[in-house]
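This report concerns only the one structure given below.
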Amino acid sequence: MAPVSLRGPAHCRWQLLLDPAKWLTWLVVTLAAGRHRSKMIARVAITAPRHAVAPSPASRTGRAVSRSSTRARAASPTREAPEDAAQGDAFEELKRMSRQEGRYLQQSVNRPHTGEYQWRQAPTFEDCYPNSEKVYHEVEHEGLTLRVPFRRIHLSEDNGYLDVHDTSGPHGHEARDGLPKLREEWVRGRDEQECCTQMYYARQGIVTPEMRFVAEREGMPVDFVVSEVARGRAIIPANRRHLELEPTIVGRKFMTKVNANFGNSAVASSIEEEVEKLQWSTIWGADTVMDLSTGADIHETREWVMRNSPVPVGTVPIYQALEKVDGDVEKITWEVFRETLIEQAEQGVDYWTIHAGVLLRYIPLTAKRMTGIVSRGGSIHAKLCLLNHTENFAYEHWDDILDICARYDISLSIGDGLRPGSIYDANDEAQFAELKTQGELTRRAWERNVQVMNEGPGHVPMNKIPENMAKQLEWCSEAPFYTLGPLATDIAPGYDHITSAIGAARIGELGTALLCYVTPKEHLGLPNRDDVKAGVIAYKIAAHAADLSKGHPRAQVWDDALSKARFEFRWQDQFNLSLDPVTARSYHDATLPQEPAKTAHFCSMCGPKFCSMSITQDIRQWAEENGFGDDVSANDAKIAGMQAMSEKFQAKGGEVYLTPPELDN
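Residue 272 in the working numbering sits at position 270 of the sequence shown; the count goes up by one each step and never skips.
This is the structure we're talking about:
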């Protein structure tokens, strides 16, 4: 039996082979499962059983809670038919043996409570976007019909419609049921491959359904998509286990994308609230989301998020690893972290933020900072390095992480654990030292065909933003950049969605591919759904402004449509073409609620006498009535005007000075 057939960690690969008693016990259980021996070995050692890793809503009973849950839970979306129970027993036996040897493997299985989730009413597409409908552009691909979503905005009278980017996902589905498995046919057969990444296929010249899908979504040639993915300048985060996904592409040559963060904390929120934030963020335009839960029910929260997300989902795995060891950083080991990665990979997580660039030698560089290390993940890795005076285990085990990513097609978002947390600390030695290491890790990932993007700051004044983009492009070989803002100033708590959107628009113009939103609650508290909406809208504005500057082919047509409606006083079209139609309409109606005001040639700002656009229309009407059409030059108009004044002068008698009317008598 060749040990190379097992690619798990050392305690899975060698301990079982060297101990005949353990090997025999495990083999008997495996054979009882009715599985072919070699296939079962690979499955347990590399990926673990799909639903035996930890309690989840997709378990065989259909109901489960995490070990820290004390609240009632109900039946959940089921990913597929239940697997043979003996497969779960095999993994339980593996866990039992690991615990006997003092190794911490996975959280223990708990029996589900009874009861119902208190699901909140999901936002409806119709309420958010009056006069819009969800439409699909159908594209044929190797016998598959790909349905690419758009939002169609219907305009008044003869003005037609406008199709715009849409991330709201399929409509009419309850959270408890999950979304349809759009990619079930697309990924068939990929689970048997050692590497099934989009980069791998692109480098082979293979056009996947995901590539064809995003090409239609972006309005770009599919060959261009393949080229950018193959070169690492764009990524398509798409775990083969996330069947509900409507793929998107992240790269500086494509539309600038927006990420929305949510997740519970130890002191606030619930699973229902986090699913609501997911739905709220995607309906307003979030292209990707990250579940950053740090409180109870991390695994279960993520399962519900995965089954209800039409967009790529990212996580920071070190958060769950810390939760597994009850918040004791000293107990986090590579084994705990690796098991967490496998668990999340099986659930379908599309990309991971891993702070592998926080190296032991970089930590002293933060000593003179005003705000130190502000990244949660970065601070955990830094503490682990200092506690043991060892190198970051994520850096040391980077190749092992790449093995998992290649098998599931999980993209890596290399974390900026040493990003500046204040204007004072921007662009310092620690930040740029980590960025150089990100470049090294990026190239190592590309050698294994794993998709990568690099995370960036943070808090950076406007004049220092270009340096960040230039260094990232150079040091990270043009991999997509993913930035948190950056915040352009530190003086506006409560308005940091604005301070950061300013920086986001600037760095997006320079080439950042994915902008991580900031909500008004940043630095103050856990955001609710209204804060999520405010953050998404602010960042959709920043991203669109960047796309206009970059000249994306589909950007300006939206602006032109709204500007034309504004000049023609088509108020209803103005509202419907807005990023947030309901808010635009409510602001107008606050002072002019009457229905006739929807056709008036003025608003309450200027009134009927001072509206510049109305005056301009009067001028154009006069010009047209007097023969000054579009084909009349400025000089011809000037000559005609002078002739008209000359005739008027002669009609008055040709006198230079006229007697005032009141003196004529």
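A virtual CB, placed ideally from N, CA and C, is assigned to each residue, including glycine. Just so we're clear, the structure is a prediction, and the values are computed from it rather than from any experiment.
Worksheet item: Is the CB-CB distance between I416 and L443 below 8 Å?
Response: Cβ atoms of I416 and L443: closer than 8 Å.
Worksheet entry | Continuous alpha helix (DSSP H) stretch holding S229: start and end | Residues 224 to 232.
Worksheet entry | Between the CA atoms of P583 and G64 - distance to the nearest angstrom | Residue placement at G64 is flagged as unreliable, the pLDDT there being 34, under the threshold of 50; the coordinate-derived value follows with that caveat. The alpha-carbon separation between G64 and P583 amounts to approximately 40 Å.
Discussion item. Quick check: E511 and S551, are their CB atoms within less than 8 Å of each other?
Written reply: Yes, they are a contact pair.
Worksheet item: Just checking my contact of G513 with W477 at CB under 8 Å: how many whole Å lie between their CB atoms?
Response: G513 to W477, Cβ: 14 Å. No contact.
Worksheet item: Per DSSP, which one or two residues make a beta bridge with G316?
Response: In DSSP, G316 forms a bridge with M292, Y353.
Discussion item. Considering only the alpha carbon of each residue, which of V166, A204, R254 lies closest to S580?
Written reply: Among V166, A204, R254, the Cα nearest to that of S580 belongs to V166.
Discussion item. So, at 6 Å on beta carbons, what are the nonlocal neighbours of S70 in its own chain, with the 5 sequence-adjacent residues on each side left out?
Written reply: At S70 the pLDDT is 35, less than 50, meaning the model places this residue with poor confidence and gives no usable figure here.
Worksheet item: Who are Y163's beta bridge partners in DSSP?
Response: In DSSP, Y163 forms a bridge with H156.
Fill in: Residues that DSSP places opposite G458 in a beta bridge
For G458, DSSP records a beta bridge to T485.
Worksheet item: By DSSP, does T147 sit in helix, in strand, or in coil?
Response: Note: T147 maps to strand in three-state DSSP.
Worksheet item: Name the DSSP beta bridge partners of G253, please?
Response: Partner(s): A236.
Worksheet item: Who are the near neighbours of P459 in its chain, counting only those whose CB is closer than 8 Å to its CB and skipping five residues on each side?
Response: Residues of the same chain with a CB within less than 8 Å of the CB of P459, apart from the 5 flanking positions on each side, are D418, R421, P422, A428, Q433, N470, T485, L486, G487, P488 in chain order.
Worksheet item: Between which two residues does the alpha helix (DSSP H) containing I504 stretch?
Response: Residues 498 to 512.
Discussion item. Determine whether the beta carbon atoms of D293 and G253 lie at a separation below 8 Å.
Written reply: Not a contact, by the Cβ cut-off of 8 Å.
Practice prompt. Sort out for me which residues DSSP pairs F264 with in a bridge.
Written response: DSSP output for F264 lists D293 as bridge partner(s).
Fill in: 8 Å Cβ cutoff met for I467 and I382
I382 sits away from I467, with the two beta carbons spaced by 8 Å or more.
Worksheet entry | Residues that DSSP places opposite H139 in a beta bridge | Paired residues: V150.
Item to complete: Decide if Y426 is buried, meaning its Cβ has at least 16 other Cβ atoms within 10 Å, or exposed.
Response: Flag for Y426 reads exposed.
Worksheet entry | Proximal residues to W121 (C-beta, below 8 Å), its chain only, five neighbours per side dropped | The residues E176, A177, R178, E274, V277, in chain order, have a CB closer than 8 Å to that of W121 in the same chain once the five nearest residues on each side in sequence are set aside.
Worksheet item: Around the Cβ of S61, are there at least 16 other Cβ atoms within 10 angstroms (buried) or fewer (exposed)?
Response: Unreliable placement is indicated for S61, whose pLDDT of 35 sits below 50; no coordinate value is reported for it.
Worksheet item: How is S134 classed by DSSP in three states: helix, strand or coil?
Response: Looking at S134 - three-state DSSP - the assignment turns out to be strand.
Worksheet item: Which residues does DSSP pair with K259 in a beta bridge?
Response: K259 is bridged to L516.
Worksheet item: For the stretch 494 to 513 against the stretch 522 to 536, are there 3 or more C-beta pairs whose distance is under 8 Å?
Response: Yes, they touch.
Discussion item. Here's a check: name, in chain order, each residue in its chain whose Cβ is nearer than 6 Å to the Cβ of A270, leaving out the five neighbours to either side.
Written reply: By the criterion of a C-beta distance shorter than 6 Å, A270 is surrounded in its chain by L528, once the five residues flanking it on both sides are discounted.
Worksheet entry | Three-way DSSP call (helix, strand, coil) for S648 in this model | If DSSP states are grouped into helix, strand and coil, S648 belongs with the helices.
Discussion item. My output table needs one value for N112: the three-state DSSP class, helix, strand or coil.
Written reply: Here the model assigns N112 a pLDDT of 34, short of 50, so the residue's position is not dependable, and the following value carries that caveat. Assignment of N112 by DSSP, reduced to helix, strand and coil, places it in the coil class.
Worksheet item: Going straight from the alpha carbon of R568 to that of P366, what length do you get?
Response: Here the C-alpha atom of R568 lies approximately 56 Å from the C-alpha atom of P366.
Discussion item. In whole angstroms, give me the CA-to-CA distance for A586 and F571.
Written reply: Distance between the alpha carbons of A586 and F571: 14 Å.
Worksheet item: Can you name the start and end residues of the alpha helix (DSSP H) that I334 belongs to?
Response: First-last for I334: undefined, no H or E at that position.
Item to complete: Kindly indicate which three-state DSSP category S415 falls into: helix, strand or coil?
Response: Strand.
Worksheet item: Counting pairs of beta carbons, one from the stretch 385 to 395 and one from the stretch 333 to 342, are three or more of them closer than 8 Å?
Response: Between the stretch 385 to 395 and the stretch 333 to 342, the count of C-beta pairs closer than 8 Å reaches three or more; the two stretches touch.
Practice prompt. Report the rounded CA-to-CA distance for N374 versus T368, giving the unit in angstroms.
Written response: The sequence shown places Gly at residue 374, not Asn. Taking the straight line from one Cα to the other gives about 6 Å.
Worksheet item: For L247 versus L184, is the C-beta distance shorter than 8 Å?
Response: Cβ distance < 8 Å, so L247 and L184 count as in contact.
Practice prompt. State the DSSP-derived secondary structure class of N310, mapped to helix, strand or coil.
Written response: Secondary structure at N310: coil, using DSSP grouped into helix, strand and coil.
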